[in-house]
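The block underneath contains the structure these notes are about, expressed in structure tokens.
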Amino acid sequence: MRTILHVGVLIALISLFGCDQNPFRTVKPTENPVTNFLDSETGNTISTRTTGPWELGMVFSSSVNGKITKIGSRMPEPGTYRIIIWDFDSKQALRQKSISQTAADKLEMTDVEWLTLTPNKKYVISINSQGDGINKKYAVVNKTGGVEFLPFARGSILVYNTCSRNTATPAFPDGTQNVKNELYGFVDFMFEADN
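If you're matching positions, the sequence shown starts at 1 in this note's numbering and goes up one per residue.
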């Protein structure tokens, strides 16, 4: 009888502490849409510009429920850059954070308070080209021949177009809108789809 009691307690402990995840659950990978596009697309021409300051934005949506957990900067020069995620319709800032990019043209990611995305709702993520109070270079991607390449989809993220505004202070980048033949910055984010 005592053996049965010990076995019962052991089984209860194993079931309580042994496994806290569903073994059949599908774990979806994180997505970095801009980095994935830059690394996988052919025919891209990348150049730099030095005018500014610019709020350089990208309009996007998610096709599934999920959240942005990190934001990142991949600018041509090191510096501290301000990144903002905006609601496209209301033009309200939803998240804002500065990121210190330590190496030129190398993606630097930082945690951000999670932002839950509503499927098919448009958002804008922007980066200001002024770093450390100085106008910095920013990159521009074009396709050979200047053809339109936006919108593009990577994973669950659809990037519609880019936009910009000549400003050093936080402002929704609506000075130039609906650009479909250039991608600026670069700014990126990590998206995690809900399981």
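Backbone N, C-alpha and C fix where the C-beta goes; we use that ideal spot for every residue, glycine too.
Item                                                                                                                                                                 : Value
So, at 6 angstroms on beta carbons, what are the nonlocal neighbours of Asn161 in its own chain, with the 5 sequence-adjacent residues on each side left out?        : Val59, Leu150, Asn178, Val179 and Lys180
Near Asp111, what residues of its chain come up, given a Cβ to Cβ distance below 8 angstroms and the 5 sequence neighbours on each side ignored?                     : Thr69 and Lys70
Under 8 angstroms: do the segment 98-108 and the segment 162-174 share three or more Cβ pairs, one atom per stretch?                                                 : no
Cβ atoms of Leu107 and Phe186: under 9 angstroms apart, would you say?                                                                                               : yes
Do you know whose CA, among Gly146, Val124, Ser129 and Phe189, lies nearest Gly57's CA?                                                                              : Val124
Starting from Ser126, trace the beta strand (DSSP E) in both directions and tell me its first and last residue.                                                      : Tyr123 to Asn128
Which residues bound the beta strand (DSSP E) around Phe37?                                                                                                          : Premise fails: Phe37 lies in the alpha helix (DSSP H), Pro33 to Ser40, not in any beta strand (DSSP E).
Applying the 10 Å Cβ sphere with the 16-neighbour rule, what's the burial state of Ala139?                                                                           : buried
Report all residues from its chain with a CB closer than 8 angstroms to the CB of Lys143; omit the five preceding and five following residues, and keep chain order. : Gly43, Asn44, Thr45, Phe149 and Asn181
In whole angstroms, what is the alpha-carbon distance linking Met75 and Lys122?                                                                                      : 24 angstroms
So who's on the other strand from Thr167, going by DSSP bridges?                                                                                                     : Paired residues: none, contrary to the question.
Taking only the alpha-carbon atoms, compute the straight-line gap between Leu16 and Gly66 and give it to the nearest angstrom.                                       : Per-residue confidence for Leu16 stands at a pLDDT of 46, beneath the threshold of 50, marking its modelled position as unreliable; the derived number appears in the next sentence. Taking the straight line joining both Cα atoms gives about 29 angstroms.
Give me the Cα-Cα distance between Lys91 and Leu117, rounded to the nearest whole angstrom.                                                                          : 15 angstroms
Out of Ala93, Asn120 and Ser62, which has the shortest C-alpha to C-alpha gap to Arg82?                                                                              : Ala93
Reducing DSSP to helix, strand and coil, say where Thr144 ends up.                                                                                                   : helix
Would you identify the three-state DSSP class for Gly131, choosing helix, strand or coil?                                                                            : strand
Indicate whether Pro33 and Gly155 have their beta-carbon atoms separated by less than 9 angstroms.                                                                   : yes
Taking the CB atoms as reference points, tell me whether Thr51 and Asn128 lie closer together than 9 angstroms.                                                      : no
If you follow the beta strand (DSSP E) that Ala103 is part of, which residue opens it and which one closes it?                                                       : Neither: Ala103 is in no beta strand (DSSP E) and is coded neither H nor E.
Can you tell me which of the three DSSP states Ala30 falls into?                                                                                                     : In the sequence on display, residue 30 carries Thr and not Ala. It is coil, neither helix nor strand.
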